[in-house]
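A quick write-up on the structure given underneath.
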Amino acid sequence: MEPYSLRFRASVEKDLRRIPLKTRRRCLERIDELCTNPRPRTAVQLTGSQHTHRVRVATYRIVYQIDDAEHVVTVEHVRHRKDAYR
14 MEPYSLRFRA
24 SVEKDLRRIP
34 LKTRRRCLER
44 IDELCTNPRP
54 RTAVQLTGSQ
64 HTHRVRVATY
74 RIVYQIDDAE
84 HVVTVEHVRH
94 RKDAYR
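Quick note, the sequence shown lines up with residues 14 to 99 if you use my numbering.
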């Protein structure tokens, strides 16, 4: 299977700067894993969109969209769980 390429919205860099360093590293590792497996067992498909998913890293959520036609994973945002769905 061909690996997916990653795209980031401009706000993701700002989101990551707000996260503690140890957790930020874990988030980046999880994002890298999405290239090889965009639908891990721990991913949850969000209601209202067929292509939007989220994965959990500690108390943070990585929300992303999958484009199977172009093999692209677009990271929408990385936020604390209380702010992730606003």
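For each residue, glycine too, the CB sits at the ideal point set by N, CA and C.
- Under the DSSP assignment, Ile44 falls outside any beta strand (DSSP E), being part of the alpha helix (DSSP H) whose first and last residues are Leu34 to Thr49.
- Each of Arg39, Leu34 and Cys48 was checked against the Cα of Thr87, and the nearest Cα belongs to Cys48.
- In the DSSP assignment, Leu29 falls within the alpha helix (DSSP H) that extends over Ser24 to Arg30.
- By the neighbour-count criterion, in which a residue is buried when 16 or more other Cβ atoms sit within 10 angstroms of its Cβ, His64 is exposed.
- Going by beta carbons, Thr36 and Val57 fall outside the 9 Å limit.
- The C-beta separation of Arg43 from Val68 comes to about 6 Å, placing the pair in contact by the 8 Å criterion.
- Note on Pro51: 16 or more other CB atoms within 10 angstroms of its CB, so buried under the neighbour-count rule.
- Apart from the 5 residues on each side of it in sequence, Tyr77 sits with its Cβ closer than 7 Å to the Cβ of Leu47, His66, Val86, Thr87, Val88 and Glu89 in its chain, given in chain order.
- For a cut-off of 8 Å, the C-beta gap from Val91 to Leu29 is around 6 Å, short enough to register as a contact.
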